[in-house]
Structures are given as C-alpha cells and as structure tokens.
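In the working numbering, the protein residues as written are 121 to 382. Note that the Cβ used here is the ideal one computed from N, Cα and C, for glycine as well.
Here is the structure:
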C-alpha cells in the first residue's frame, strides 16, 4: 500500500542535524522547497513519491545557495558550534541542478573559509555520473556517496524506479569504476512488497551480485543501511542491525573493502 507522504525540506540550507552516518551535518537542498525533483522514484524515499510534483518555487540559483550557506556558516562560527559535514541532500537528486559543478566549487571555498576541518558530502543516486562535469564535481568533494541498491536489474527497477529507461545496472557499475578508491557506495537493504510484488534485496543472490559489483567498482568503502523513517510504500520492512552487520562482514570478507553499517 502506498500513502501520500511529503516530508520536505522547506529551505535551501537546513540544519544542522545529527546524521547517523555522517555526524553533525548542515544540509544543502538544491531542489524546490515546496516539491520534489528526482531521477529516481524510490519506494522508500522519506520525501515521498515524485507524483506530488515539483512545487512552484523552482530551483535556487547559485548566488542564493552560496549566500544562504555563508550566512549560516558565519552564524555557527560566531556561536562556536561544531560542524562535521556539509551535505548535499534535500528534496530530490542534487546533481540534477544545472549549476551543480559551480555550486560545489563555491561550497568548497566557503567550507575552507569557515570550517576547514568539515567534510563536504554529496548523496547522489548515481544517475548523473555519466555527465563529465558532474562526475568531475563529485570527485572534488570529500565524501562522494553513490547509490547502488541492487546489482540485479529487475530488483533495482522495482526499488529505485528510475525515470530513464536507459539507466541500467550494467551501465551504472561500469560508470562507477571512475570513482575507484575515492567513492563511497551506499546500499539500502530492505524487504516487503509493492503492488503485489515481493521486494527483497537481501537474498543470497542479491548479496552475491552486490559483492561482484563492489569488486568491479573498487570504491574507497561501502555503506549499508536500512529504513529509519516512514516510507511512502507502507509494506516495506526494516532489516535488523545485527543482520546488516552479518552482510557487512560477508561483504568485507569477500572484497577486502571497509564496510560501515547504520
């Protein structure tokens, strides 16, 4: 069963919030603050399905993003607050913003000025890594966190529901190789059903396919996690932490890669 869910960030800069994976995080939302724009339509997206629409505010320009960020960083600095990471996230896929590379450069400059010890992270669904300017921008940030929820095509399409029919697991894994040694592959593990179809990317076949994909990509590390908030598809089930740790141990043993769990 699907439900009408919209949990949106209503500003360009939000937080700081505590991220279970990244620490104290200040968020950057490059999408509208009253709607969602994404190249995936994931069953588990806390922002809801794309059917809610893109809203009316449009995408924020470079000057607005950097201006709002500087105001917030200056405020935090004056108050002596801590900042671990500046994270591109928000109401959809950040790399869809046409000025994403320019914004990344500006954010890195402001980070160096106000909180040089903080990391800059991008949470991306990997749909725009085929665009050279976007890929180069992703290589500039500290934590380039790239999604790969399944290495089996039908499962990926069921869970992530990409808008582009040309987006395939095979093509994506090949493109992810450009981030060998630097990128972080993030995988959401979950179970349940959607419109009568079983959803499960934790089967032995699924885990083995992911292991082979991780071996091919050779990222800096792998990040596996499960549901933490309400999802638009209500028939999804969280994978317990101890079970996630078991998958992490198996992945590490097979690949030699660092694997974190949350």
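Put simply, the stretch 336 to 351 touches the stretch 296 to 303. At least three CB pairs are less than 8 Å apart. Check the Cα spacing between residue 356 and each of 315, 188, 371: the tightest is with 315.
By the Cβ rule, the stretch 174 to 182 counts as touching the stretch 138 to 157, because three or more pairs are nearer than 8 Å. Comparing alpha carbon positions, the residue from 170, 186, 128 closest to residue 220 is 186. Closest option to residue 260, judged by alpha-carbon separation, among 223, 291, 171: 223.
Secondary structure within the stretch 160 to 221: the beta strand (DSSP E) runs of 3 or more consecutive residues, fully enclosed, are 205 to 209 (chain order).
Within 10 angstroms of the beta-carbon of residue 283 lie fewer than 16 other beta-carbons, which makes it exposed.
Annotated three-state conformation of residue 338 is coil, per DSSP. Under the three-pair Cβ rule at 8 Å, the stretch 308 to 328 does not count as touching the stretch 129 to 141. Taking 8 Å as the cut-off, the beta carbon of residue 341 is found no closer than this to the beta carbon of residue 371. Within the same chain, Cβ atoms closer than 7 Å to the Cβ of residue 269 are found at 276, 279, 280, 307, 308, 321, the five residues on either side in sequence being excluded. Counting along the chain, residue 365 sits inside the alpha helix (DSSP H) bounded by residues 361 to 375. Distances from the CA of residue 250 to each of 286, 199, 351, 323 were compared; the closest alpha carbon is that of 286. Across the structure, residue 271 and residue 325 are spaced so that their CA atoms are roughly 10 Å apart.
Distance from the Cα of residue 144 is smallest, within the candidate group 213, 377, 240, 351, for 240. Around residue 181, the same chain offers 219 as residues with beta carbons nearer than 8 Å, after the five sequence neighbours per side are excluded. Judged by DSSP secondary structure, residue 252 falls within the alpha helix (DSSP H) whose first and last residues are 252 to 260.
Scanning its chain for C-beta atoms nearer than 8 Å, with the 5 sequence neighbours on each side dropped, one finds around residue 202 the residues 144, in chain order. In chain order, 136, 146, 203, 234, 235 place their CB closer than 8 Å to the CB of residue 196, counting only its own chain and leaving out the 5 sequence neighbours on each side. A direct Cα-to-Cα measurement between residue 242 and residue 170 gives close to 21 Å.
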